[in-house]
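Heads up: the protein sequence lines correspond to chains A and B, in order.
Note that our numbering has the first sequence beginning at 1, numbered continuously upward.
Note that our numbering has the second sequence beginning at 309, numbered continuously upward.
Below is one structure; the comments refer to it alone.
Number of protein chains: 2
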Amino acid sequence: MGSISRILIIGATGYIGRHVAKASLALGHPTFLLVRDATASSKPEKAQLLDSFKASGANILNGSLEDHASLVEAVKKVDVVISTVGGEQIASQLNIIKAIKEVGTIKRFLPSEFGNDVDNVHAVEPAKSIFELKAKVRRAIEAEGIPYTYVSSNCFAGYFIPTLAQAGLTAPPRDKVVILGDGNAKAVYVKEEDVGTFAIKAVDDPRTLNKTLYLRLPANTLSFNELVALWEKKIGKTLEKVYVSEEQVVKLIAETPFPANIVIAISHSIFVKGDQTNFEIGPDGAEGSQLYPDVKYTTVDEYLSKFV
Amino acid sequence: MGSISRILIIGATGYIGRHVAKASLALGHPTFLLVRDATASSKPEKAQLLDSFKASGANILNGSLEDHASLVEAVKKVDVVISTVGGEQIASQLNIIKAIKEVGTIKRFLPSEFGNDVDNVHAVEPAKSIFELKAKVRRAIEAEGIPYTYVSSNCFAGYFIPTLAQAGLTAPPRDKVVILGDGNAKAVYVKEEDVGTFAIKAVDDPRTLNKTLYLRLPANTLSFNELVALWEKKIGKTLEKVYVSEEQVVKLIAETPFPANIVIAISHSIFVKGDQTNFEIGPDGAEGSQLYPDVKYTTVDEYLSKFV
């Protein structure tokens with residue numbers, strides 16, 4: 001475990017990619033970022049982010065998933081490739097696999113996952129198809145014999161915790177909370193910075209080679225009822241709880257058009273079916289907080305305290 | 309225009325497909341529905357819907373986009389193919405194109421569109437990629453020389469009007485409304501039943517052959533400010549208006565994970581960029597209410613009255 005691989009990140013200005021890039025730089029990896037338009041000025045936020053990565057020592061490379069030569073050139077510079085492309089670009093990762101296969105020297109590939117373990121879900125459409133697309137990418141990686149780690153980091157805390165998953169809010173509710181299903185299925189909430197740290201910890205670790213890295217952080221594995229109770233305790237107030245039965249959730253998905261129906265269908269998988277915790281981690285998996293007990297992750301309890 | 313084509317609908321139990329199927333049956337077309345599992349009992353709502361279509365004379369065929377033989381067999385039975393598959397299955401429509409090409413007798417294909425005109429959008433990611441995927445399907449249809457009509461029906465009224473596009477609500481707001489951009493870009497709201505009627509009207513119409521059918525219903529083409537004003541007049545109350553600048557909207561998209569970011573990015577295209585109305589309909593397009601002035605569509609004014 002003494003090696004410090006050179007890492008290429010594809011999608012480093014994205015929602016989770018920025019945290020993976022920060023962790024790669026913070027943990028001392030020579031870090032390369034493949035960027036569609038490094039001189040883009042139309043998005044000031046993106047340009048600022050790239051400037052800060054450059055200041056931290058990142059190497060910015062121009063290229064894209066659609067430019068095979070640029071991909072090959074970038075892949076040749078590194079030992080490890082991490083894709084953090086957005087959900088709309090999952091299928092395009094087949095282009096990365098092709099480039100990795102062609103270069104032939106990559107020691108580890110982490111495709112864009114960072115959610116439920118797509119081989120262990122009980123989802124309805126449209127989430128079903130979306131999970132299947134990620135599984136298809138997994139199968140392509142395995143078929144090519146590319147060394148991999150799949151990072152199943154479960155819920156992004158920064159998305160779910162500030163509103164307790166209530167659409168349209170900007171802070172956790174203080175009167176009423178809508179709960180999908182019976183509220184007893186456990187989900188896992190991981191702060192985005194911690195997702196980045198755990199992912200980078202795994203890249204040079206033989207214990208995660210050709211395995212799934214699950215983040216089931218003990219302090220952050222909570223049922224929705226437990227999550228609400230934690231919040232209620234903090235604000236010293238009991239919320240009105242509106243439970244939505246699975247049948248009603250499935251009906252709501254059918255009666256909501258794309259793309260809003262995806263949001264509900266993924267919530268159904270997480271909160272009704274319990275797909276983040278309803279299976280045992282097998283020999284093809286390893287749990288992040290057990291592998292890296294030194295990582296001091298942010299707990300849901302700490303996160304919620306910011307909103308009291 | 310005397311012919312009554314036989315129509316195959318792929319995706320007839322979906323959000324918009326059910327309305328297209330109803331319209332096909334109501335307007336007297338021999339109607340065939342390709343269904344993944346016609347005996348599926350796990351979804352009572354879907355089974356009920358299929359039963360009602362059967363009672364109205366629809367022919368249910370078993371098959372799927374992944375089963376080429378089933379597609380070819382279904383396509384052989386009809387003159388017109390309408391796809392209403394969900395947004396997560398857009399790319400899989402290449403399989404329909406392949407089957408239509410193989411059969412060679414289809415007089416018109418309507419791919420799954422039913423939104424913005426994807427050749428006239430100014431979207432940011434992830435909406436950009438999603439629109440591009442629909443455009444790619446258009447180019448594949450044209451490359452194969454398949455006769456087509458693209459239905460750009462703009463906003464589903466049933467999704468946007470009941471909440472005035474405010475996340476988390478179940479009725480239009482009575483206190484505060486969030487408005488993306490300056491609220492002056494005009495969008496078009498079309499009730500789902502009317503989308504179905506206009507789409508079916510177009511299938512045997514030579515005026516829509518190899519063209520885009522735009523729905524820019526005069527009574528329903530409104531800026532967000534006009535929409536809010538209409539609601540305010542109905543309830544006799546002025547709402548607090550929170551305007552979100554384009555810069556803030558773009559930042560919010562970047563700070564929201566997939567898939568919720570898609571919802572905001574599509575709203576950015578519609579409500580900030582005005583992509584439903586910021587171009588003239590050219591010679592490759594035709595407008596629905598002008599072609600079919602006999603269709604008595606539901607107006608936004610009538611729709612809003614239900615919530616007073």
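Ideal Cβ placement from N, Cα and C applies to all residues, glycine included.
Neighbouring residues, chain B, relative to residue i (Cβ below 8 Å)
i	result
A:Q248	In chain order: nothing, as chain B lies at least about 11 Å away.
A:P159	Checking the displayed sequence, the identity of residue 159 of chain A turns out to be Tyr instead of Pro. Chain B residues near A:Y159: T564, P565 and A568.
Inter-residue CB distance, residue i and residue j (contact presumed, cutoff 8 Å)
i	j	result
B:A493	B:S531	6 Å
B:V388	B:I315	5 Å
A:G196	A:K22	6 Å
A:E32	A:V78	Per the sequence presented here, residue 32 of chain A reads as Phe, with Glu not at that position. That pair is a contact at about 6 Å.
B:H430	B:S577	7 Å
Listed by chain order, chain A residues near residue i by CB distance under 9 Å
i	result
B:L379	Ordered by position in chain A, no residue passes the 9 Å Cβ test against B:L379, which lies about 17 Å from the chain.
B:Q397	E125, P126 and S129
Residue i, buried or exposed, once every other Cβ within 10 Å from all chains shown has been counted against 16
i	result
B:V536	buried
A:I200	buried
B:D502	buried
A:E144	exposed
B:S349	Any answer about B:S349 is weak, because its pLDDT of 48 lies below 50 and its placement is not dependable; what the coordinates show is given next. With fewer than 16 other Cβ atoms within 10 Å, it is exposed.
A:E142	exposed
B:M309	Unreliable positioning characterises B:M309 in this predicted model, as indicated by a pLDDT of 48, which lies under 50. The coordinate reading is nonetheless provided below. Exposed: under 16 other Cβ atoms inside 10 Å.
A:V203	buried
B:A363	exposed
B:N586	exposed
A:R18	buried
B:I312	exposed
B:R575	Note on residue identity: the sequence assigns Ser, not Arg, to residue 575 of chain B. That one is buried.
B:T478	exposed
B:P352	exposed
B:E374	exposed
B:Q401	buried
B:A562	buried
B:A527	exposed
A:G285	buried
A:T105	exposed
B:S332	buried
B:A320	buried
B:K484	exposed
B:V608	buried
C-beta atoms of residue i and residue j nearer than 8 Å
i	j	result
B:Q584	B:N403	no
A:V190	A:L217	yes
B:V343	B:N370	yes
A:Y214	A:G282	no
A:P206	A:Y150	no
A:T238	A:S152	no
A:P126	A:F258	yes
A:T221	A:V188	yes
B:L517	B:P601	no
A:R97	A:A167	The sequence shown places Ile at residue 97 of chain A, not Arg. Not in contact: A:I97 and A:A167 (Cβ atoms no closer than 8 Å).
B:N533	B:G491	yes
A:S129	B:E396	yes
B:P481	B:F615	no
A:I16	A:S83	no
B:A568	A:V263	yes
B:G278	B:E500	Outside the displayed range of chain B (309 to 616) lies residue 278 of chain B, so it cannot be described from this structure.
A:L49	A:I60	no
A:V124	A:V250	yes
A:A99	A:H68	yes
Neighbouring residues, chain A, relative to residue i (Cβ below 8 Å)
i	result
B:L477	G168
B:V550	Here the premise fails: no neighbours, minimum Cβ distance about 11 Å.
B:I574	P259
Residues that residue i contacts on chain E, provided the C-beta gap is smaller than 9 Å
i	result
A:K43	Here the protein chains are A and B, and chain E is not one of them.
Proximal chain A residues relative to residue i, where beta-carbon distance stays under 7 Å
i	result
B:G394	E125, P126 and F258
Chain B residues whose Cβ lies nearer than 9 Å to that of residue i
i	result
A:F156	P565
A:Y15	A562, E563, T564, P565, F566 and N569
Near the ligand ADP: residue i beta-carbon under 7 Å from a heavy atom
i	result
B:I414	Judged by which ligands are present, the structure shown has none, so any question about the ligand ADP falls away.
### Query
Does the pairing of the stretch 370-384 of chain B with the stretch 423-431 of chain B give three or more beta-carbon distances under 8 Å?
No, they do not touch.
### Message
I'd like to know if the stretch 232-249 of chain A and the stretch 438-450 of chain B are in contact, where contact means that at least 3 CB-CB pairs between them fall below 8 Å.
### Response
Output reads no: the stretch 438-450 of chain B does not touch the stretch 232-249 of chain A.
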